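Beneath this line is the structure, given in structure tokens, with notes to follow.
Okay, structure coming up:
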């Protein structure tokens, strides 16, 4: 059972620019979310996964991924406590033999009572799935799903690229993931990263805005909705870090300019390009597990012309980028998010934080997300 | 401190057939409950025990068991932190020497202030005890206790039998213990048990009711109150388990018919006969510890004619039945109850479960328990 | 985040003699409290400390101790997650380079945005500090601090003595620390202590008051406010412990009379003299960490005439008194407080305890503390 409590109205009133974002502890409903990596679910296997406070059961049957809530209607037990599958594409509850179709959740048989009137009349919640770029996406919601392309950053689904991915659990609310990733000046925490030195990156310590128009909101009726951070183009980069008028730190004046195009997309996807080096794009997703944790999906995409190039990039990803970028560099992001959690676990934090000039893109993201999400995940959805 | 919270009235309204049962998270007050095994409390020893959210201190003095609340009146500390007993049948608090009679809870002496006006004027709660069939029963309540025979399944107190027992802590509410034990079609979880195969038991996979009158309620003014499950006599047993019209499983067509007489009794006792084999009866008790845990008392009774037969059955119990029945077989029941706890920890679960045709005895049990219990254990009783 | 909840008004009404004391779960605000030992914070070091539910960051710069709240204004992260100090007397947040003066909390620089309008306009809470007798005191509050001498027991600051100290975390509310220490008849728990036997102390089992005027309240406009316990001078000491009229225990009739002068002082200081032997005084402080824990400061003071005597007492403290008095003897006090915590975690405990005749000094202490504290530490102070 989640501890999800309603937000104090006084807090929402103070956050009048983005009230739904403040309420979205458990994430936004009626969106597509990455869950498992495709390679984590082989034919005939079952896997559980937590998403927006709910508990899911996934299986792969005839190549297709099915997803239902991991809870029998009868007495509420999780199927996953002891998976029983007597026919591909079904799951049988270990307790009384209630058997469900994995594709639509229908109660198709009850082994202990094959003549029960309940057969064919009840369903467990089932969720649409879609695989793309090596990820299994689940549509957590009740409405007719829009195309997946509306819920991922532009370019993520491009066919002429290889996308390599990993995922890791992070002990912070998902919104702290989004904001850490999209935050321009958090580069300060990366000042000593081996990635910066080793790859001769140009990485300032900070960015002084030279305009208030340092962002661009993409908010069309169809297609993905997001915010571009243009601070990099409208700033004086800070290469000399000063305290009390004295220079105490230096940014890294490398030859390789990276990450000058950063954007954040509903429901929880970030695009950083180029990154972690020229010719590559890092797409990230901060997927709510519950109010205290998120799955951090890290993917790197590279344009490829043929299978040999695909294979070569997969090798490079495995041998170089996982350690240097996704672990060494991004681990600093992970502990930074976790260090924020104790403060933001208290809803009043959203009224007590002090955003500064370089955070205008964060505020725009909150407003867009509050305005354009397709619904709030509420405690009631989990009953 | 327990987290016991009041039930939402909307939930009680939806459970109008058995509202008190839904409220009885901590169990029913003013009933007899088994606590320790007699052999666990030797002359002069002290033992603590948790019952219905309360903390008890038991001792044996001159053969008789005494039971008081394990908490000094003065500053609320548990005596059991450091037992001091300077006279049999008393306990002295280690903190300030407050000394109580264990039989009635009276404050009889204060060692640090032998002239205090409080001496003889205050009492800690004390509880009636009774030993039977190797178990120490405690009456958790305030009224004059009815006979123990009203609070155990019929036959449990019969003199011409040997009753062997063990107890184990289970991490689920006590009601899930009762319902798992009394549930006819939960036999599905036992389909692969070594007990079934090794003892050539007749054990179907399920039971299709052929009548709606598959139970009998015993609800007389005096004597035990309970529900008999007669489904076994009014059913088509299921020996072929089917999914999608195809047989996928088989029940066990053994020669030994067992467990055709099952009944559930207030406050928390089950009787299964014959079980685990011919000539034996299994009596079980699901005794509330707090809202999240219960003690599972497992006893097997067998008629005996003399001491040699008593001793022989004790040996058989220890050498055979503990491992084969109480551990191997019933361990499946234990994890089944624990697997339900996450769902039922939320009070709304009682309105969201989907009982099916074979659960009519469960519903009758809930109604009887709601109607005929002698009171609810409430948070206020624990202050 | 602390779980500090408001007190039920019905409880406060029943505790009408000392309502603020009952509310003071987190301690009293606007008082001086010992935090670290001076030796625990060396020049240039940073240390965190928890006090009255708040999280503090302390450093020493040019010998002087500075103390601020350990939380950046921007996104609420603790500086202590990764201390960055680029100029003595400042701390720089690892996340975005927000830099604060440690002496007054002023935001003096933002490394990532040196031109931000926020610079010089915001402050984190900073707290006055003072060192005395080897302890670092922090003034937890908002008002102009009174002199430290108002918040420690009389004599603690005397210059002609050596004060040796240690501190240990105890898992009970701070008030249970105060009351355990000031409680006359808790000597009962020390009846078997090696300190008593080994140093030939006179230690009765209890004390029967021979007057109701066994205390003296010191409640002047200026100076420390406290309560003297005079029970020892107005009592019949109990050397024969009796149960049911029969002597079952004996107090220790040693030659050395100790601890005949005991007093308790706002906000949380105890003075016991002489103790643990002739010519010494034990000063103790029970400093709130949060509502469930306190730091127990144990100090022993001895008059000294020169540096040689200072050194000799430091050696004696380290080699003898730490083990014999502060550990062996006082460990019984520590577990006694912890054994009370489960009862007093429930606010209603204050209405359900049963104080007896020897507890009059406790009641006076509660009344004085309720009447003369300088404010309550509330959840709102921690936001």
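Protein chains in written order, with my numbering: chain U, 1 to 383; chain Z, 1 to 383; chain W, 1 to 383. Backbone N, C-alpha and C define an ideal beta-carbon position, used for all residues, glycine too. All values derive from a computational prediction rather than experimental measurement.
Item                                                                                                                               : Value
Beta carbon proximity, residue 352/U to chain W, threshold 8 Å                                                                     : yes
Residue from 364/Z, 161/Z, 296/Z and 109/Z whose Cα sits closest to the Cα of residue 245/W                                        : 109/Z
Per DSSP, cross-strand counterpart(s) of residue 236/Z                                                                             : 208/Z
Segment limits, beta strand (DSSP E) that includes residue 269/U                                                                   : 269-273
Residue 81/U (DSSP reduced to helix, strand or coil)                                                                               : helix
Backbone CA spacing between residue 165/W and residue 380/U [nearest angstrom]                                                     : 55 Å
Runs of beta strand (DSSP E) wholly within the stretch 284-351 of chain U (minimum 3 residues, chain order)                        : 293-303
Unbroken alpha helix (DSSP H) run spanning residue 388/U, endpoints                                                                : Outside the displayed span of chain U (1 to 383) sits residue 388/U, for which this structure offers no information.
Reference residue 189/W, options 27/W, 223/W and 339/W, closest by Cα                                                              : 339/W
Nearest-angstrom Cα separation, counted from residue 296/U out to residue 341/W                                                    : 40 Å
Alpha helix (DSSP H) segment containing residue 362/Z, residue limits                                                              : 360-372
Residue of 9/Z, 38/Z, 198/Z and 337/Z minimising C-alpha distance to residue 276/Z                                                 : 198/Z
Cutoff 7 Å; reference residue 1/Z; Cβ partners in own chain excluding five residues on either side                                 : Since pLDDT at residue 1/Z reaches only 40, below the 50 mark, its modelled position is unreliable, and the value read off the structure follows with that caveat. Within the same chain, residue 1/Z has no close Cβ partners at all.
Residues within the stretch 173-198 of chain U neighbouring chain W, beta-carbon criterion of under 7 Å                            : 185, 186, 188 and 189
CA-to-CA distance, residue 154/U to residue 24/U, given in whole angstroms                                                         : 24 Å
Interface partners of residue 161/Z on chain U, CB under 7 Å                                                                       : In chain order: nothing, as chain U lies at least about 33 Å away.
Ranges of the beta strand (DSSP E) found wholly within the stretch 68-121 of chain Z, counting only runs of at least 3             : 90-92, 98-101 and 107-110
Cβ-based contacts, 8 Å cut-off: residues of the stretch 94-105 of chain U near chain Z                                             : 94, 95, 96, 97 and 99
Distance CB(residue 326/U)-CB(residue 194/U) smaller than 8 Å                                                                      : no
Listed by chain order, chain U residues near residue 278/Z by CB distance under 8 Å                                                : Correct list: empty, because the minimum Cβ distance to chain U is about 25 Å.
Chain U within 8 Å of residue 6/Z, Cβ atoms only                                                                                   : no
Touching by the beta-carbon criterion (3+ pairs, under 8 Å), the stretch 114-125 of chain W and the stretch 349-365 of chain U     : yes
Beta-carbon contacts of residue 72/U that lie in its chain and below 6 Å, excluding the five residues immediately before and after : 93 and 98
Contacts that residue 39/U makes with chain W (C-beta to C-beta distance below 7 Å)                                                : Result: empty, since nearest Cβ-Cβ is about 35 Å, beyond 7 Å.
Test: residue 300/U CB closer than 8 Å to a CB of chain Z                                                                          : no
Residue interval of the beta strand (DSSP E) (run including residue 169/W)                                                         : 161-170
The stretch 366-382 of chain U / the stretch 13-30 of chain U touching (three or more Cβ pairs under 8 Å)                          : yes
Cβ-based burial, residue 58/W [other Cβ within 10 Å; buried from 16]                                                               : buried
Spatial neighbours of residue 53/W in its chain, beta-carbon cut-off 6 Å, leaving aside the 5 residues before and after            : 2, 26, 290 and 382
Residue 292/W: contacting residues in chain U (beta-carbon distance under 8 Å)                                                     : Those do not exist, as residue 292/W stays about 17 Å from chain U at its closest Cβ, beyond 8 Å.
Helix, strand or coil at residue 33/U according to DSSP, with G and I counted as helix                                             : strand
8 Å Cβ cutoff, residue 358/U in contact with chain W                                                                               : yes
Beta-carbon proximity of residue 113/Z to residue 227/W, cut-off 8 Å                                                               : no
is_contact[residue 75/Z, chain W] using C-beta, thresh 8 Å                                                                         : yes
Proximity test, Cβ basis, 8 Å: residue 336/U and chain W                                                                           : yes
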